[in-house]
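For the sequence shown, full-length UniProt numbering begins at 1 and goes up steadily by one.
All C-beta atoms, glycine included, are put in the ideal place defined by N, C-alpha and C.
All figures in this text were calculated on a predicted structure; none of them were measured in a lab.
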Amino acid sequence: MIPYWHAPSFKLGPLELNPFNVFVAAGILLGARLLTKQAERERLDPNPLADYAMWGVAAGMLFGHWVHLFFYHPEELSKSPFQIFKFWDGLSSFGGLLGGIIAAVVFFRIRKLRFNDYADSFALGVAPAWAVARLGCFAVHDHPGRLTDFFLAVQFPNGNRHDLGFYDAVVLFTITGLLYALRDAPRMKGRLLPLLALLYAVSRFCLDFLRATDLSYVDARYLGLTPAQYGCLMLVVYGLWGLLRKQAPSASAQKPPPSQGRVETAR
1 MIPYWHAPSF KLGPLELNPF NVFVAAGILL GARLLTKQAE RERLDPNPLA DYAMWGVAAG
61 MLFGHWVHLF FYHPEELSKS PFQIFKFWDG LSSFGGLLGG IIAAVVFFRI RKLRFNDYAD
121 SFALGVAPAW AVARLGCFAV HDHPGRLTDF FLAVQFPNGN RHDLGFYDAV VLFTITGLLY
181 ALRDAPRMKG RLLPLLALLY AVSRFCLDFL RATDLSYVDA RYLGLTPAQY GCLMLVVYGL
241 WGLLRKQAPS ASAQKPPPSQ GRVETAR
């Protein structure tokens, strides 16, 4: 079994620095960096992605909190009428994903850019960023699972349990490795994001059945499923559609490589 260790928090002036916030911030920085690096590798303009980062983070945190509040733990609305504005007090990763998607739709439409041109860059940035952020969940053990004797269980104070934050991180790191292995495959151009959606959705849908139901603070269920499992069903639809649809030529595919341009000029 994995020993239970709850990483301590530190006060930094008026701010509380805890492992969850550190890993989430690290994931955001890593994701933003990988997004721009991959766009440059694909000979795309990386500047829109740098501009989008603020939109994505803000919308992700806001919607992440709202999904946590209205779907996972609506009982928290009784704490204060201002609870909906305390975006730091409870976050849902699927809510954050929803916020990022909405922000991307609005941002790319305003900028008159094709999102599909940057879709692979998003896949190669989001997957490792999400994996790192999930390490924050594991550090604070905020996703306890059912009691078990599985060898990767964590020795919680009230018994050995699955730790869904840890499992999710393992899944996302594995998917990240697969995406990077396939990023140069001709048939996967423009399809990495649907592949990420499909692989993660299937694994997350299954893993959510391991979440604890015998504790005082557990995720809400609707017809036996968690809100994330309903989100997984939508991701499966998107993933299958994205993998099966005919791909239009990307903007980068229409541009000659820089070396070819120099040869033509020399001639």
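- DSSP places GLY224 outside both helix and strand once states are collapsed to three, so it counts as coil.
- Sequence-distant partners of LEU199 (beyond 5 residues in either direction) whose C-beta falls short of 7 Å from its own C-beta, in its chain, are ILE175.
- As computed with DSSP, LEU147 is found in a beta bridge with ARG161.
- Residue range 19-41 is occupied by the alpha helix (DSSP H) that includes GLN38.
- Each residue's CA atom was taken as its position, placing TRP55 and PRO48 some 11 Å apart.
- Taking GLY96 as reference, the option from PRO74, VAL67, PHE115 and PHE82 with the minimal CA-CA separation is VAL67.
- With contacts defined as CB atoms closer than 9 Å, TYR238 and TYR230 fail to qualify as a contacting pair.
- In this structure, DSSP gives PHE87 a state outside helix and strand, which the three-state scheme calls coil.
- Around ARG146, the same chain offers ARG161, HIS162, LEU210, ARG211, ALA212, THR213 and ASP214 as residues with beta carbons nearer than 8 Å, after the five sequence neighbours per side are excluded.
- Taking the Cβ atoms as the reference, PHE10 lies roughly 19 Å from CYS137, outside the contact range of under 8 Å.
- Apart from the 5 residues on each side of it in sequence, ALA197 sits with its Cβ closer than 8 Å to the Cβ of LEU235, VAL236, TYR238, GLY239 and GLY242 in its chain, given in chain order.
- Boundaries of the beta strand (DSSP E) harbouring VAL154: 154-156, taken from the DSSP string.
- Annotation for PHE10: no alpha helix (DSSP H) segment contains it, though the beta strand (DSSP E) segment containing it runs 10-12.
- Minimum Cα-Cα distance from GLN247 among the listed residues PRO46, PRO194, ALA26 and VAL57 corresponds to PRO194.
- By a beta-carbon distance limit of 8 Å, ALA220 contacts HIS73. Their separation comes to about 7 Å.
- Distance from the Cα of LEU164 is smallest, within the candidate group PHE156, GLN155, VAL171 and HIS143, for HIS143.
- Per the C-alpha coordinates, the member of PHE87, ARG43 and LYS79 positioned closest to VAL57 is PHE87.
- In the displayed model, ARG211 falls within a strand according to three-state DSSP.
- Judged by DSSP secondary structure, TRP55 falls within the alpha helix (DSSP H) whose first and last residues are 47-67.
- Between LEU34 and the set ARG111, TYR118 and THR226, the nearest pair of CA atoms involves TYR118.
- Contact annotation: ALA53 and ALA139 have beta-carbon atoms that are not nearer than 9 Å.
- Non-local beta-carbon contacts of PHE23 in its own chain, meaning distances under 7 Å to residues more than five positions away in sequence, involve VAL132, ALA133, LEU135, GLY136 and ALA139 in chain order.
- Beta-carbon to beta-carbon, ASP120 and GLY190 are separated by about 6 Å, close enough to satisfy the 8 Å threshold.
- Non-local beta-carbon contacts of TYR4 in its own chain, meaning distances under 6 Å to residues more than five positions away in sequence, involve VAL154, GLN155 and PHE156 in chain order.
- If you draw a straight line from the Cα of PHE173 to the Cα of ALA127, it is about 7 Å long.
- Annotation: ASN18 to ALA26 spans about 12 Å, alpha carbon to alpha carbon.
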